[in-house]
Amino acid sequence: MYFTLLGAPGAGKGTQAATASQRLGLAHIASGDLFREGVEKGTELGLLAKPYMEKGLLVPDEVTVGMIVERIEALNHDQGFILDGFPRTMEQAQALDRALGERGKALDRAVYIEVSTEELVRRLSGRWICRNCQAPYNAVSSPPRVPGKCDRCGGELYQRPDDKVETVGKRLEVYSAQTTPLLSYYRKGGKLVGVNGEQGVNEVAEELIAALHH
Ligand code: AMP
C-alpha cells in the first residue's frame, strides 16, 4: 500500500502518519523531518534546505524529489509506505507518479486532512516538538506531562523556528498557492479521500484508517 497525506501545515499529518504507519506496518517518510534532520546535522541537504525553511518557502522540487525517491528506493521491494508532507507541488506529484510507474507501482490513495485556517493558526502558534523523536505537543490542547519534556522519550521540547507567527502566515499562503492544486489532481485520478481533521487525534486516526481501506 502506498499513500500520501495531504493537508495544510498544522493539519496533523505528522501525528497521523506516525500512528497509521505503526498500525499498518508501513514506512513513514516525512520530507519535513528529513530536512530538519539535515539542518540539525549540518549535512549538504540541510544547508541547502535551511534558508527556504526559515522563510516558510518550499525547498526546490529537484532537491525534494531526489531526497524522497532515494528513500523509496531504499525500502524493501514489498514494503508499503506513507508519505507525509510530500508531494507539495504539481511537479512533485507528477515526478512521484513517474518514479513509482518506472518501478511498476502506483500511489493507492491521497488522504486529505481537512482543518479550517483559524484552527491551523491556533495549532501552529502553540506547537512544541520533541528534538529527539519529533513528537508534537500543543501548549493549550495537548501539553506534555512535564513542561519542556517529551512524554514519550524524555527529550527536550522546542518551538520550530518556522512556527513563529511571522512564518506561519507565509507557510499557509504557500500551501494555498502551491499545494491545494494537488487536491483536484488526485480527485481527478480517483485517489482523493477526505478526513475531518478537527476531531480528536484518535477519531481522526480511525477515520483515516477506514479511508485507506475504502
Ligand atoms: P513540514 O515539517 O512538513 O511542515 O516541512 C517543513 C518545511 O520543510 C517546509 O516549510 C518546507 O520549507 C520544507 N519542505 C517539507 N516538505 C517539502 C516538500 N515536499 N517540498 C518542498 N519543501 C518541503
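In short: position in the sequence shown from 1, add 163, done, that's my numbering. Glycine included, every Cβ here is placed at the ideal spot set by N, Cα and C.
- Inclusion of D314 and R308 in the CB contact set at 7 angstroms is warranted, their separation being smaller than that value.
- Using a cutoff of 6 angstroms, the CB of T227 counts as near the ligand AMP, since one of the ligand's heavy atoms is closer than that.
- Beta-bridge analysis with DSSP links H191 to I245.
- Linking D325 to A181 through their CA atoms gives a straight-line distance of about 21 angstroms.
- Buried is the label assigned to T167, since at least 16 other Cβ atoms lie within 10 Å of its Cβ.
- Between L246 and I192, the C-beta gap is smaller than 7 angstroms, which places the two residues in contact.
- Going by beta carbons, A258 and V228 fall inside the 7 angstroms limit.
- Just so you know, the alpha carbons of G363 and S279 end up roughly 15 angstroms apart.
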